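One structure below.
Residue numbers (our numbering): 25 to 520.
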């Protein structure tokens, strides 16, 4: 954290203890400050400093950077806290100590009213502040816009910076495009030559803020991201997704927040069969296929023989076996209606598990050949065990089928391409931070179920590593934020 001497004299700072921290004052004068993950013990402290911590828990303390000890004392007295002159002189250092533990929210206000807010995300593990090496921007830092502010953060960063000061974007750009041979700035203030002179007083302060919060790192050694074991093998989007969909390195809610429960109704359990995507003239009830579905097959045998099978027989798969695969893997066994509670929503029980019983996944069949079923695109109705026709452009689904022979590694076309999509609103209406991760886990569980049932039914099947979401959007003609493909599985008759 900055010392007040590193800030322009006309700045002020607003301080408050993070609201996710608990404070326990011990009889010995030590104070235990804890988050859900870490705990820090400081002290022993004199009573006025303990009272200051309690004050920062309940309200925001505004301090002028250039305030004298006497002025600081007057400010504290307004909040009912008296402090001797000797302790007042130690106050900036004590505040910096709290901030270095990641315990304080700090908002710096410049002389012209702009603000730079530091939101600590780490607790008890802020970066080393003694760094004096040549600096470069942390490799995985990113700047985005939210709520009229610029947000600077990193996937597993120590802090987030929120600001409406244009100097943040200019400094970020200066380091982001720096010549690699020059390794960015040689001194914390050397970026000033790229920034308007009128902002010179803010530049060194901001550069120190970026250094003390881990966004500027040593250019002569490996960056913080590179120094971690294996970090160089992570792509930016993978690292961000992993860090933000689990707790530990951010301050967002993770789990069932029901943040839309008051403003929106949950999506229905079943996808509406409307004219936008479906052909109302094609509805094909599937046979139960009891002989196939009820034939005994040891689970241990299915697990031990499960394999990705990419080679298909010359004879096409039959509609009975395809029906049995869908019935054993995707059908609805039981459904539970919505209650009166605003957080209540329809759920169902199916062979494959789903987070919260949401079951956002939909299954589409792109049929190249199938004994008993015409080529085309169908949507599986899990409630009625039936197929509904889809109004899909012929060119698009033919492209999607053709691509499978390059994706499955065999160079051969399958009988059927199963495209698994998600109606995302079923999940993100309830869950926060982890909704897309939940969708992918659901898809993985469904694919394993398909694999095991392929063994029982003597079918060849394999999951594909990726698919084309643009083609899926063209297939149905709906926005990818509403529904999009998340997994593909190909099926065909197995060679004897």
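Glycine included, each C-beta is placed from N, C-alpha and C at the ideal position. From a predicted model like this one, the values you see are computed outputs, not experimental measurements.
*For residue 53 and residue 371, the rounded distance between their alpha carbons*: 53 Å
message = Three or more C-beta pairs under 8 Å: does that hold for the region 42-58 against the region 66-76?
response = yes
Beta strand (DSSP E) containing residue 523: first to last residue?
With the chain covering only 25 through 520, there is no way to say anything about residue 523.
Practice task
With DSSP collapsed to three states, give me the class of residue 284.
Solution key: coil
Within this structure, are the beta carbons of residue 146 and residue 174 separated by less than 8 Å?
no
CA-CA distance, residue 241 and residue 277?
-> 29 Å
Worksheet item: If you draw a straight line from the alpha carbon of residue 393 to that of residue 440, how long is it in whole angstroms?
Response: 7 Å
For residue 482 and residue 288, the rounded distance between their alpha carbons:
45 Å
Legend entry - For residue 309, the first and last residue of its enclosing beta strand (DSSP E): 302-309
- Item | Nearest to residue 375 (by Cα), restricted to the options 406, 110, 232 | 406
Continuous beta strand (DSSP E) stretch holding residue 386: start and end: 385-391
May I have the straight-line CA-CA distance separating residue 525 from residue 314, to the nearest angstrom?
Outside the shown range of the chain (25 to 520) lies residue 525, about which nothing can therefore be said.
Every unbroken alpha helix (DSSP H) inside the region 347-404 [4 residues or more]: none
Whose CA, out of 422, 402, 420, lies closest to the CA of residue 414?
-> 402
**Item:** DSSP-derived helix/strand/coil call for residue 421
**Value:** helix
- prompt: Where DSSP assigns a beta bridge to residue 55, which residues make up the other side?
  reply: 49, 66
Next item on the list: Would you grab the beta carbon distance between residue 391 and residue 400 for me? Rounded to a whole angstrom, and I think it's under 8 Å.
Entry: 6 Å
Exercise. Tell me whether residue 412 sits in a helix, a strand or coil according to DSSP, three-state version.
Key: strand
Do the region 488-504 and the region 356-365 touch if we need at least three Cβ pairs shorter than 8 Å? no
Who does residue 518 pair with in a DSSP beta bridge? 336
Could you check the C-alpha separation between residue 437 and residue 430 for me, to the nearest Å?
9 Å
Check: Is residue 38 helix, strand or coil when you go by DSSP?
Finding: strand
Outcome for residue 305 when other beta-carbon atoms lying within 10 angstroms are tallied against a minimum of 16: exposed
Q.
Between the alpha carbons of residue 513 and residue 46, how many angstroms are there, rounded?
A. 49 Å
Delimiting residues of the alpha helix (DSSP H) encompassing residue 267: 260-268
**Item:** Contact set for residue 476: own chain, Cβ-Cβ below 8 Å, skip 5 residues either direction
**Value:** 323, 326, 327, 330
- Query: In three-state terms, what does DSSP make of residue 209?
  - Reply: Unreliable placement is indicated for residue 209, whose pLDDT of 46 sits below 50; the coordinate value is still reported in the next sentence. Residue 209 falls in the coil class under three-state DSSP.
Check: Under 8 Å, do residue 411 and residue 470 count as touching if we go by C-beta distance?
Finding: no
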